[in-house]
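Shown next, in structure tokens, is the structure this report addresses.
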Amino acid sequence: MLVAKYHESNCQDKEILANITKAVNASIQLRSKKELIEGFVAKINADSKIDEDWKNYVREQKEKDIANIISEEKLKDEESRRFIDNAFRDGVLRTTGVDFDRLVPGSRFGGGNRAEKKNGIIAKLTVFFEKYLGLV
Numbered sequence: 048m049l050v051a052k053y054h055e056s057n058c059q060d061k062e063i064l065a066n067i068t069k070a071v072n073a074s075i076q077l078r079s080k081k082e083l084i085e086g087f088v089a090k091i092n093a094d095s096k097i098d099e100d101w102k103n104y105v106r107e108q109k110e111k112d113i114a115n116i117i118s119e120e121k122l123k124d125e126e127s128r129r130f131i132d133n134a135f136r137d138g139v140l141r142t143t144g145v146d147f148d149r150l151v152p153g154s155r156f157g158g159g160n161r162a163e164k165k166n167g168i169i170a171k172l173t174v175f176f177e178k179y180l181g182l183v
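FYI, in my numbering the residues of the sequence shown are 48 to 183.
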């Protein structure tokens, strides 16, 4: 609502921008989405179609973020995307079980730092999941 109001002001009203920041910081549910909201607000202009552009922006950012995680952690692409899609469908990120273990490179039967790697992947996927939960 505040973003639409800011748009109606031809993206000029700095007070509305301050109110957007306050609203995001005051809401536990929006804090994890702060980066997305601020990035979108910075991108809009007088010609923007707020609802449509927001959906497209979230979709693009989500794709970039998941592609980065998959690449950085050397995860299996198709399995990772299916795992994330299922997590959003179910509303919960399950990091135990066979489905999650399939994503993690390396053998489950000893050697290396698999447990440490797994914890790092869980941390990144949790941040990602919280950021996009309710938006996709």
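Even for Gly, the Cβ is constructed at its ideal location relative to N, Cα and C.
For residue 91, name the three-state secondary structure that DSSP assigns.
coil
Please state if the CB of residue 168 and the CB of residue 125 are separated by a distance shorter than 9 Å.
no
Backbone secondary structure at residue 180 - three-state DSSP:
coil
Quick one: what's got a C-beta closer than 8 Å to residue 150's C-beta in the same chain, skipping five residues either side?
122, 123, 126, 127, 130 and 168
Whole alpha helix (DSSP H) runs in the region 101-159 with 4 or more residues, listed along the chain?
124-137 and 145-148
Can you tell me which of 165, 76, 95 and 143 puts its alpha carbon nearest to the alpha carbon of residue 152?
165
Within the continuous alpha helix (DSSP H) that includes residue 61, where are the two ends?
61-73
Alpha carbon to alpha carbon, what distance is there between residue 162 and residue 98?
42 Å
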